[in-house]
Every structure is written in structure tokens, then in C-alpha cells.
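Just below is one structure, and these are the notes that go with it.
Residue numbers (our numbering), protein chains in the order written: chain A, 66 to 280; chain B, 3 to 236.
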């Protein structure tokens with residue numbers, strides 16, 4: 066063990082951690098959008114939309130993320146879209162996350178009393194504003210803990226995008242430990258950074274949850 | 003699409019890879035469960051420092067990516083004299099990773115065993131070992147089966163990550179095949195479909211087992227059904 070190695074590498078690791086964080090955040094944001102669209106489509110888009118949504122959710126929850134990532138990374142160029150690894154990674158994280166998020170929302174929607182949308186219908190709300198004003202805001206509040214959990218899971222999963230060469234925390238640790246032959250110290254440091262980020266996220270989640278409960 | 007003659011040529015390698023996948027998965031699950039169970043039991047002892055250590059272990063394992071844990075074990079290990087072959091490191095890594103989650107699952111199951119049952123057994127003069135074996139564990143297994151099956155499905159997906167530390171499992175063999183034949187896209191698509199099926203089979207078998215184990219129960223287990231399996235990712 067040589068701690069000076071960790072100190073030397075720390076600035077680089079922190080820089081890479083920033084990449085990890087924003088890639089995960091973009092992935093989660095994309096996942097939110099996809100998740101909400103899929104969830105709403107499955108609930109109110111008829112049978113075909115429900116089946117298509119079901120297949121999407123089943124596929125992205127059943128196939129290992131690493132394979133999804135490689136699939137997207139190699140598939141996009143085939144259909145003529147040449148994207149950098151970073152974009153393919155965010156797309157993969159977003160698509161995977163979307164499948165989980167749509168299920169989270171589905172569960173949360175079940176917790177919103179049925180009488181509310183009926184009351185809204187009786188008051189003459191159009192279908193779209195029942196979703197945007199009544200169902201989704203409440204579903205969001207109910208699902209905050211699950212969504213924070215989702216963000217933590219995605220942050221850990223983002224280590225896999227090192228495979229397609231995105232210079233995030235895991236990839237940078239690999240590069241550094243390959244040049245200084247100190248894998249133990251470097252990966253320990255990386256692990257500590259991941260742990261710290263996840264700890265902060267969990268704390269943030271608790272705060273938001275408490276805040277929402279007050280409101 | 004995929005040239006079928008490739009499958010003949012690479013069939014043996016793929017089969018071998020699949021064997022290693024199953025081996026890693028089975029051994030990893032087993033180590034994870036045994037270790038997780040031991041951790042759960044140790045946590046029940048009234049020794050505060052021991053509890054903190056176990057709690058820290060669980061938090062660290064659950065708070066860091068599986069890939070980083072694997073790198074630490076496989077590349078970092080030799081620095082402290084721990085020289086493991088890729089497959090051994092993979093199995094051990096899966097086991098350690100799983101143990102933290104299994105420990106939490108078992109803890110929930112342990113706490114869900116009605117206190118009255120344990121007290122009744124005590125008053126009947128049963129020893130702690132006998133209570134554990136005949137009262138707590140059977141009740142615990144029934145109530146935690148959905149969560150256990152879910153974790154096993156998750157570990158099925160995690161075996162893919164082992165290919166990164168060059169464990170010659172299915173994913174690794176398929177990537178070799180893709181690199182040698184340039185049929186990259188078809189191979190990965192085939193792989194995706196195969197794992198989709200595999201995870202589905204594991205979940206279904208788990209649901210069967212669950213139905214079998216809980217057939218004498220009049221009410222559903224507290225964790226609900228495992229029909230929502232594979233809720234975490236690999």
C-alpha cells in the first residue's frame with residue numbers, strides 16, 4: 066500500500082468522477098422521459114401500445130446492461146447513425162433506466178386513489194390534463210424514494226460504459242493503474258469515490274423525501 | 003443475418019462458455035448465500051463492533067459497482083499476495099457481491115419470523131441450534147423465496163460482467179467469435195436474445211419453486227410475488 070499513489074491520482078479520479086456523475090444524470094433524465102412516456106402509453110394507449118411497452122420493459126430489464134450497451138454501440142452505425150461512445154452510452158443507460166422507471170411509475174399510479182381521476186373527468190378535465198395535473202405529479206411524489214434508488218443503481222451501472230471507452234471513473238482508474246502498476250490503491254480510491262457519491266445521493270434522497278412529506 | 007455454419011464452428015466454444023457461465027452463477031450464488039447467511043447470524047450476536055463491521059461491509063459492497071470490486075480482487079489482489087485465476091476471481095467476486103444482498107434478504111426474513119414461535123420453542127426447551135434449524139430457517143426460507151429468486155436472476159445478469167476480467171464464460175466466447183468473424187452485430191443480438199431467455203427461465207423456475215414452497219400457506223408472503231423479478235441491473 067502506498068498512499069502517495071492515491072494522492073497523486075486523486076485529481077484525475079475526481080475529474081473522471083464528474084464525468085460519471087453527469088453521464089448518470091443525463092441517463093436518468095432520459096430514463097425519466099422514456100419511463101413516463103412508456104408508462105402513460107401503456108395505461109392509455111390501447112392494447113397495441115401496452116404490448117409494445119411490455120416487450121420494451123421485459124427486454125431492457127431481462128438483458129444484461131453490458132449487452133444492451135454493446136448492442137446500441139454497434140447497432141447505431143449499422144443504420145447510418147455514427148455516434149461517439151459517450152452518446153451511445155447515455156442512450157443505453159437512458160433506455161435501460163426507462164424500463165425500470167416506467168415500472169416505478171406504474172406502481173406509483175396504483176397508489177393514487179381512483180376517485181381522483183374520476184372526479185377530474187366529472188369536472189370536465191381533458192385526458193391530457195388529468196395526466197399532467199393530477200396523476201403524474203402525485204405519482205412523482207410517491208416514487209421519489211424509488212427514483213433516488215434508481216439513480217444510485219444507474220450510477221453504479223455506469224461503470225460498465227468504461228467498456229466502450231468512455232473516460233469515466235472506472236475507465237480512468239484502469240488507465241492510471243495500467244501506467245503506474247498500482248491497481249490496488251487506484252481501485253480502492255475509485256471505490257471510495259463511488260461510495261461517497263452514492264452516500265451523498267442517498268442523503269439527498271432522504272432530504273427530498275422529508276421535504277415532500279411536509280408539503 | 004448470422005451465417006449458421008459459424009454456429010457449427012464456434013458451437014463447442016460457446017457451449018464451454020455457457021458451462022462456465024452456469025458454473026460461475028451456481029458457485030457464486032452458493033457462496034453468496036452461505037456467506038450472507040453467516041453474516042446475518044453474526045449480526046444477531048450482541049457484539050456492537052462486530053455489527054458495525056458487518057454493516058460497513060454490506061454498505062461498501064452495495065455502494066460500489068460490481069466491476070470495481072472485480073478489478074480490486076483480480077488486479078489489486080496480487081499486490082497483497084492474493085493471486086487468483088480469472089474464473090476463481092469471478093466466482094469469488096460474484097459470491098462476495100451477492101453475500102451483501104443475501105445478508106439483507108435473510109435479515110428481513112429473520113425479523114419476519116413471529117417472536118411467539120421462537121418463545122414457544124424456547125419454552126419447550128429447544129436449544130438455539132434446534133430453534134434455528136427447525137423454526138427460524140424454514141419460516142425464513144418461505145418468506146424470502148421471492149427475494150432470493152430475484153437476486154439469483156440479478157446474478158445471472160451479472161455473470162456477463164465477468165467477461166471484462168477475461169473469465170472465459172459465454173459472453174467472452176461470443177465476443178471472441180464476433181471479433182474473429184466480424185459478425186459483431188448479429189452475435190450481440192443473438193447474445194441479447196439468449197440472455198433474455200435465460201433470465202426469463204430463471205425467473206419462471208423461481209416462481210414455480212415459490213408456488214411449491216408456499217402451497218400450504220393461506221396468505222401471501224409479505225414480500226409479494228417474484229413476478230416482478232430482475233429489478234436491479236447487471
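Beta carbons are placed, not taken as given, at the ideal position from N, Cα and C, and that holds for glycine.
Between the C-alpha atoms of residue 55 of chain B and residue 98 of chain B there is a straight-line separation of about 15 Å. Within the region 134-166 of chain B, contact with chain A at the beta-carbon level (separation under 9 Å) is assigned to 155, 158, 159, 160, 161, 162, 163, 165 and 166.
Using a Cβ-Cβ cut-off of 8 Å, residue 129 of chain A counts as an interface residue toward chain B, since at least one Cβ of chain B sits closer than that to its own. Exposed is the label assigned to residue 66 of chain A, since fewer than 16 other Cβ atoms lie within 10 Å of its Cβ. Assignment of residue 129 of chain A by DSSP, reduced to helix, strand and coil, places it in the coil class. Counting the other Cβ atoms within 10 Å of the Cβ of residue 136 of chain A gives 16 or more, which makes it buried.
For residue 173 of chain A, no chain B residue has a Cβ inside 7 Å of its Cβ, as the nearest lies near 14 Å away. Under the 8 Å criterion on CB atoms, residue 245 of chain A is classed as non-interfacial with respect to chain B.
Following the DSSP letters along the chain, one finds residue 232 of chain A in no alpha helix (DSSP H), marked with neither H nor E. Identification of residues in the region 65-89 of chain B having a C-beta nearer than 7 Å to some C-beta of chain A yields 65, 66, 67, 69, 70, 73, 74, 77, 78, 81 and 82, given in sequence order. Going by beta carbons, residue 74 of chain A and residue 234 of chain A fall outside the 8 Å limit. The three-state reading of DSSP puts residue 185 of chain B in coil, since its state is none of H, G, I, E or B. Look at the region 258-269 of chain A: the residues with a C-beta under 8 Å from a C-beta of chain B are 259, 260, 263 and 264.
For the pair residue 108 of chain B and residue 252 of chain A, the CB atoms are not nearer than the 8 Å cut-off.
Interface annotation for the region 130-142 of chain A against chain B: 130, 131, 132, 133, 135, 136, 139 and 140, criterion Cβ-Cβ distance under 8 Å. Using a Cβ-Cβ cut-off of 8 Å, residue 99 of chain B does not count as an interface residue toward chain A, since no Cβ of chain A sits closer than that to its own. At a Cβ-Cβ threshold of 8 Å, residue 105 of chain B and residue 60 of chain B count as neighbours.
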